[in-house]
Amino acid sequence: GQQLNQSPQSMFIQEGEDVSMNCTSSSIFNTWLWYKQDPGEGPVLLIALYKAGELTSNGRLTAQFGITRKDSFLNISASIPSDVGIYFCAGSTSGTYKYIFGTGTRLKVLA
Amino acid sequence: TAGITQAPTSQILAAGRSMTLRCTQDMRHNAMYWYRQDLGLGLRLIHYSNTAGTTGKGEVPDGYSVSRANTDDFPLTLASAVPSQTSVYFCASSLEGRRNSPLHFGNGTRLTVT
């Protein structure tokens, strides 16, 4: 079946540093989503990507849809304490109505 | 505020008992989903529904059943709970159109089966 590998599993960074994380798939996707989850809450959508090579920003967050359509990247610039949480990628192929999720990157920001 | 409402927020359930997790959305989304979240395994799809009246199996459907009598509600039932069903359960919805639309999640139900 389809697999999504997300890395790193966890990160400890200093406030103000930039963060990079990525997801790779064994299958080709036509949609990539990035979510953030805070403790005790559901995942919240950060960025949606629909086209290979697409680069999309949301404030200090930037995500890219890989050219091979098998990977995606999320960057956070100038991290702040409220960036703490778990970041998930999710991918889907056309018409399946089903998304596969990565196992998450747990981000901790040290003030 | 529009969105997805899940109930209960948390529950402790004895093994062998049945339970229904409720999910309601007011966004008129046609597709709805149930995921379970376990440490180290991320979110795994249990069941989904493309539209009212239809349902489908996800990655981990065994031990769970769903129904979709109308657009807004998508309950998940555990007929006879087992300890391995201890998890956090998330309901989600999306508006399917010409391309895959993002999932919108509820805040989850934390279930402990003893």
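Chains A and B, in that order, give the protein sequences.
Sequence positions in the first sequence follow our numbering and run 1 to 111.
Sequence positions in the second sequence follow our numbering and run 1 to 114.
From the three backbone atoms N, C-alpha and C, an ideal C-beta is built for every residue, glycine too.
None of these values were measured; they are calculated from a predicted model.
Under the three-state reduction of DSSP, which class applies to residue 6 (chain B): helix, strand or coil?
-> strand
Sorted by chain position, which residues of the same chain lie with C-beta nearer than 6 Å to residue 101 (chain B)'s C-beta, five sequence neighbours on each side aside?
-> 94 and 95
Can you have a look at residue 59 (chain A) and say buried or exposed, based on whether 16 or more other CB atoms are within 10 angstroms of its CB?
-> exposed
Give a yes or no on whether 8 Å exceeds the smallest Cβ distance from residue 103 (chain A) to chain B.
-> yes
Below 6 Å CB to CB, which residues in the same chain sit around residue 38 (chain A) once its five sequence neighbours on both sides are set aside?
-> 85
Would DSSP call residue 3 (chain A) helix, strand or coil?
-> coil
Considering residue 50 (chain A), what are the terminal residues of the beta strand (DSSP E) in which it resides?
-> Here residue 50 (chain A) belongs to no beta strand (DSSP E), and DSSP marks it neither H nor E.
Residue 103 (chain B), buried or exposed, once every other Cβ within 10 Å from all chains shown has been counted against 16 | buried
Under 8 Å between C-beta atoms of residue 34 (chain A) and residue 65 (chain A) = no
Which of the residues in the region 31-63 of chain B, read from start to end, lie with their CB under 7 Å from any CB of chain A?
-> 31, 40, 41, 42, 43, 45, 48, 50 and 58
Report yes or no: do three or more beta-carbon pairs, one from the region 42-62 of chain B and one from the region 10-18 of chain B, lie closer than 8 Å?
-> no
Closest residue to residue 77 (chain B) among B:111, B:105 and B:59 (Cα-Cα distance) = B:111
Rounded Cβ spacing between residue 7 (chain B) and residue 28 (chain B) (contact assumed at less than 8 Å) = With a Cβ gap of about 20 Å, residue 7 (chain B) and residue 28 (chain B) do not count as contacting.
Terminal residues of the continuous beta strand (DSSP E) containing residue 27 (chain B)?
-> That residue, residue 27 (chain B), is in no beta strand (DSSP E); it is neither H nor E in DSSP.
Any residues in the region 40-55 of chain A with a beta carbon nearer than 8 Å to a beta carbon of chain B? Which ones, in chain order?
-> 40, 41, 42, 43, 44, 45, 48 and 50
Starting from the C-beta of residue 101 (chain A), find all residues in its chain whose C-beta is less than 6 Å away, skip the five residues before and the five after it, and write them out in chain order.
-> 88 and 90
Just the chain A side, please: which residues come within less than 7 Å of residue 107 (chain B) by C-beta, in chain order?
-> 41 and 42
Per DSSP, residue 71 (chain A) forms a beta bridge with which residues?
-> A:24
Which residues in chain B sit within 9 Å of residue 65 (chain A), going by Cβ to Cβ distance?
-> Ordered by position in chain B, no residue passes the 9 Å Cβ test against residue 65 (chain A), which lies about 13 Å from the chain.
Give the interface partners of residue 33 (chain A) over in chain B, defined as CB-CB distance under 8 Å, in chain order.
-> 102 and 103
Within its chain, find whatever has a CB closer than 8 Å to the CB of residue 19 (chain B); leave out the 5 residues flanking it on each side and keep chain order.
-> 11, 13, 77, 78, 81 and 111
Below 8 Å between beta carbons: does that hold for residue 47 (chain A) and residue 61 (chain A)?
-> yes
Got a sec: is the Cβ-Cβ distance from residue 73 (chain A) to anything in chain E below 8 Å?
-> Checking the listed chains, one finds no chain E in this structure; the protein chains it contains are A and B.
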